[in-house]
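Report on one structure; see the data block that follows.
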Amino acid sequence: MFPKLDPILHSELRLAVMSILAGVDEADFTYLKKQAGATSGNLSVQIDKLTAAGYIAVEKGFKGKMPRTTCKITTAGQEAFNKYVDALKEYLQASK
């Protein structure tokens, strides 16, 4: 039987955000938007969903006079991401 895939992470954009954040200490909204190729509105919605799940932490502030939103993966988010990747590996192993 295949492991269940986390529905929060089983979305292309949310998975992209988590993949980016898993490799850095933190990333600002503009960087995530560019790297993921997302629109501001869609990215904002997906960040809200990841935050509500406890997978990322969001900090809002200013850089000079410009507003800045910074995201960071949480411990729970890193664990969920690792579990998701391991589950995908099981799916891929079954195809061999």
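Just so we're aligned: 29 in numbering that gives the first Met the number 0 is position 30 of the sequence shown, and the numbers increase by one with no gaps anywhere.
C-beta: ideal position from N, C-alpha, C; glycine also.
On a predicted model such as this, the values are computed, not experimentally measured, just so you know.
Which listed residue (the options) has its alpha carbon closest to that of residue i
i, options, result
"lysine 62", "Ala15, Lys32 and Phe28", "Phe28"
"glycine 36", "Asn81, Leu4 and Leu14", "Leu14"
"glycine 76", "Glu11, Glu25 and Met17", "Met17"
"asparagine 41", "Ser10, Lys59 and Pro66", "Ser10"
"threonine 73", "Arg67, Glu58 and Lys64", "Glu58"
Residue i - partner residues in DSSP beta bridges
i, result
"methionine 65", "Lys62"
Cutoff 6 Å; reference residue i; Cβ partners in own chain excluding five residues on either side
i, result
"glutamate 25", "Thr69 and Lys71"
"alanine 52", "Ile7"
Whole-number beta carbon distance between residue j and residue i, since they are thought to touch under 8 Å
i, j, result
"alanine 86", "leucine 4", "6 Å"
"isoleucine 19", "glutamine 34", "5 Å"
request  = Ignoring anything shorter than 3 residues or poking outside the region 9-82, list the beta strand (DSSP E) runs there in chain order.
outcome  = As far as the region 9-82 is concerned, its whole beta strand (DSSP E) runs of at least 3 residues are 55-62 and 65-72.
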